[in-house]
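Taken in order, the sequence shown gives residues 2 to 262; the numbers are from my numbering.
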Amino acid sequence: MTLNKFLSAKLEEMQKKNARFSMRALAQKAGISPGRLNEIFHERRPLSDHYSNKISYGLNLTQEEQAVLSGFVSVRAKRMTSQKVLEEQEMRLVTSWEPYAILNLMKTDDFDSSTPWMAKRLALSEEKIDECLQLLESLKIIKKKNDRWLRVPEQFTTTTDIPRSVIVEGHAANLRKTTEVLYSVPPTKRNFTTITMPINVEKFEEAKQVITQFRRKLCLLLEDGPKTQVYNLSIQLYPLTDVSESQSETLWHQSGDITES
2 MTLNKFLSAK LEEMQKKNAR FSMRALAQKA GISPGRLNEI FHERRPLSDH YSNKISYGLN
62 LTQEEQAVLS GFVSVRAKRM TSQKVLEEQE MRLVTSWEPY AILNLMKTDD FDSSTPWMAK
122 RLALSEEKID ECLQLLESLK IIKKKNDRWL RVPEQFTTTT DIPRSVIVEG HAANLRKTTE
182 VLYSVPPTKR NFTTITMPIN VEKFEEAKQV ITQFRRKLCL LLEDGPKTQV YNLSIQLYPL
242 TDVSESQSET LWHQSGDITE S
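Printed below as a string of structure tokens:
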């Protein structure tokens, strides 16, 4: 039996009980546009789980009939649904600092896989720790072996390009955490520095490369030897002047360092 024959037969059954129950009435009850429903009925659009559930409700299908209808969900639609779920999980990872903190906590020498221990070390709720662990496990970034969480060696790569808005939210989340640390952690355990300078904007790309090299070099330095704490490094290099102004204009701001003792 084809999808069209199955749906047409169920619609006819509904119309025998109520002659006014038309395709448009079904669309309204199921919450699907008439055009989209017509495409699904005539198999011009693949049936997805989303629309299968809606049509099942609209046609008052029994559990057995719902199972039959679900059998018509196309492989392509299932793959698209799975892909969407994966992408949503990836976006959650990119916009949060907590999963990365947990990943690096796993590299510390005294790491304990228990949720209470991780919650205490990161000053997070146990619910948040469990949520992050589930996210990391679903993305196959970590796995559990003998009741111990382990990092998966393979490097994580997102399945799609990350939208700019998601990247911005990720930076915003880190900045919010940075502000919290500024007020809660003593200067002896953190280092916030700022320098203001006039720059040659033609060397901006080269400056970004220097920052990247410095960041990698610093990681190699700090990860050498016993690892007991998880730290976050944030480096901000941004204009304080109007970047739309002519590059030929000279900026006469005096440079200087502001460093906490």
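No residue lacks a Cβ here, since even glycine has one placed at the ideal position from N, Cα and C.
Determine which residues share a DSSP beta bridge with residue i and list them.
i, result
"Arg152", "Ile143"
Could you check where the alpha helix (DSSP H) with residue i kicks off and where it finishes?
i, result
"Ile103", "99-106"
"Arg217", "205-223"
"Ile33", "Here Ile33 belongs to no alpha helix (DSSP H), and DSSP marks it neither H nor E."
"Ala174", "165-185"
"Thr116", "116-123"
"Met15", "4-18"
Counting C-beta neighbours from all protein chains within 10 Å, is the total for residue i 16 or more, i.e. buried, or is it exposed?
i, result
"Leu27", "buried"
"Ile196", "exposed"
"Cys133", "buried"
"Ile236", "exposed"
"Leu223", "exposed"
"Leu176", "exposed"
"Ser115", "exposed"
"Thr229", "exposed"
"Leu38", "buried"
"Thr96", "buried"
"Leu8", "buried"
"Lys55", "buried"
"Leu221", "exposed"
"Lys108", "exposed"
"Ile41", "buried"
"Leu234", "exposed"
"Leu12", "buried"
"Ile168", "exposed"
Please return the same chain residues whose Cβ sits closer than 7 Å to the Cβ of residue i, not counting the five positions on each side in sequence.
i, result
"Ser53", "Leu70, Ser71, Val74"
"Lys18", "none"
"Arg122", "Leu106"
"Ser83", "At Ser83 the pLDDT is 47, less than 50, meaning the model places this residue with poor confidence and gives no usable figure here."
"Glu128", "none"
"Pro100", "Leu94, Cys133, Leu136, Leu137"
"Glu170", "Thr96"
Which residues in the same chain as residue i place their Cβ atom closer than 8 Å to its Cβ, once the five residues preceding and following it in sequence are excluded?
i, result
"Lys30", "Tyr58, Gly59"
"Thr3", "Glu44"
"Ala120", "Ser126, Glu127, Lys129, Ile130"
"Asp110", "Pro227, Lys228, Thr229"
"Asn5", "Phe42, His43, Glu44"
CB-CB under 6 Å to residue i, same chain, minus the five flanking residues each way: which ones, in chain order?
i, result
"Val231", "Ala102, Asn105, Leu106"
"Arg25", "Pro35"
"Leu151", "Lys144"
"Gly32", "Lys55"
With a threshold of 8 Å between beta carbons, is residue i in contact with chain B?
i, result
"Ile142", "No chain B is part of this structure, which consists of one protein chain only."
Unbroken stretches of the alpha helix (DSSP H), 4 residues or longer, contained in the segment 41-79
Scanning the segment 41-79 from its first residue to its last, the whole alpha helix (DSSP H) runs of 4-plus residues come out as 50-59, 64-71.
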